[in-house]
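Just below is one structure, and these are the notes that go with it.
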Amino acid sequence: MFDLRSIVIGIVLMLRKYTCVNITIYQETNEEDYINGIGALPLIGLALGFFSFIIASLRYLFEGFFISSVVLLYYCLITKAVNIKDVYGTFNYYFNKEYCKDTWEVIILVIICLMYYSLFRIVPITSLILMPSVGFSCMIILSQIIKGDLSNTSVLKYCKKHHVIIAFSLSFIFAAILNYKLIISLSLTYMAAGIIVSRIDNKIKDYPVSIEGCIIELSQILFLIITYLFKF
479 MFDLRSIVIG IVLMLRKYTC VNITIYQETN EEDYINGIGA LPLIGLALGF FSFIIASLRY
539 LFEGFFISSV VLLYYCLITK AVNIKDVYGT FNYYFNKEYC KDTWEVIILV IICLMYYSLF
599 RIVPITSLIL MPSVGFSCMI ILSQIIKGDL SNTSVLKYCK KHHVIIAFSL SFIFAAILNY
659 KLIISLSLTY MAAGIIVSRI DNKIKDYPVS IEGCIIELSQ ILFLIITYLF KF
């Protein structure tokens, strides 16, 4: 049943989880609110990407390297870099390199930031609008491919088939509106992510909560790389 109150609360919960927007909720929340908020993640991603697009548009007036650094700064601030940190958390969970923990954390974070810094400058600015939405949508879609234990996750374990349909449909609609060529890179991103995860999933029994942010970040980078390589 359509419950507008629950949907609004769910959106607020997703904003608090994935962005620096900290709206106070004066009502009690429940699991259903959280589940309803998952369907809004592609729209939240589109909103995040829209402001990246505005900043990136200034690269026609200012030096590209400077604008790229500003876009990266905005992205880290608006998301609290929570997903970037989850990439390190996931690698540390599986490889557990305690003897050089700090070193690996720095290396991983630097590589991710350098990838973004380079790609923000060379991809079409329309792809920056779609990028966060692709990350959220890819995470939701992959929830149906992963067969391992997702009980430790906070979003993946709640993803249902209707969430996948919403994420899949909205992401392709956004791509068609913004730049029809991005439909190809979007398709290739989902296909590549699906193949990689299905191969890895056979060897993994359980997933940490940080796997969600890791999927979001890596799928976003993969989307930008494919977009650049195929000159979309």
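Each residue of the sequence shown is one higher than the last, beginning at 479 in our numbering.
Idealized CB from N, CA, C, for every residue including glycine.
**Message:** If I follow the unbroken alpha helix (DSSP H) through Asn561, where does it start and stop?
**Reply:** The continuous alpha helix (DSSP H) containing Asn561 extends over residues 560-573.
**Asked** Which word fits Phe614, buried or exposed, when buried means at least 16 other C-beta atoms lie within 10 angstroms of its C-beta?
**Response** Classification for Phe614: buried.
**Message:** Rounding to the nearest angstrom, what Cα-Cα distance links Val675 and Phe544 in this structure?
**Reply:** Rounded to the nearest angstrom, the gap between the Cα atoms of Val675 and Phe544 is 35 Å.
**Asked** Which residue spans inside the segment 492-554 form an unbroken alpha helix (DSSP H) run of at least 4?
**Response** 509-516, 519-534
**Item:** Nearest neighbour of Arg483, chosen from Leu555, Tyr552, Gln505 [CA to CA]
**Value:** Nearest C-alpha to Arg483: Gln505.
**Prompt:** Assuming Ser649 and Ser611 make a contact with CB atoms under 8 Å, what is their CB distance in whole Å?
**Reply:** 6 Å
**Message:** What does the alpha-carbon distance come out to for the pair Ser425 and Ile682?
**Reply:** Nothing about residue 425 can be reported from this structure: the residues present for the chain run from 479 to 710 only.
**Message:** Assuming contact is defined by CB atoms lying nearer than 9 Å, are Thr631 and Glu690 in contact in what I supplied?
**Reply:** yes
**Prompt:** Buried or exposed: where does Phe701 fall if 16 or more other Cβ atoms within 10 Å of its Cβ makes it buried?
**Reply:** buried
**Message:** To the nearest angstrom, how far is the alpha carbon of Ile693 from that of Val565?
**Reply:** 8 Å
**Prompt:** What's the call for Met617, buried or exposed, on a 16-neighbour Cβ count within 10 Å?
**Reply:** buried
**Request:** May I ask you to verify whether the segment 545-553 touches the segment 656-666, counting CB pairs closer than 8 Å and requiring at least 3?
**Result:** no
**Prompt:** Taking the C-alpha atoms as reference points, what is the distance between Ile556 and Ile655?
**Reply:** Going from the Cα of Ile556 to the Cα of Ile655 covers about 25 Å.
**Asked** alpha helix (DSSP H) containing Ile644: first to last residue?
**Response** 639-656
**Message:** Check this for me: beta carbons of Ile516 and Tyr636, under 9 Å apart or not?
**Reply:** yes
**Prompt:** For the alpha helix (DSSP H) that contains Ser605, what are its first and last residues?
**Reply:** 603-620
**Message:** Using a Cβ-Cβ cutoff of less than 7 Å, which residues in the same chain neighbour Tyr571 once the five nearest sequence positions on both sides are dropped?
**Reply:** Pro686, Ser688
**Prompt:** How about Lys563 and Leu587: are their beta carbons less than 9 Å apart?
**Reply:** yes
**Message:** Can you tell me whether Thr705 is helix, strand or coil according to DSSP?
**Reply:** helix
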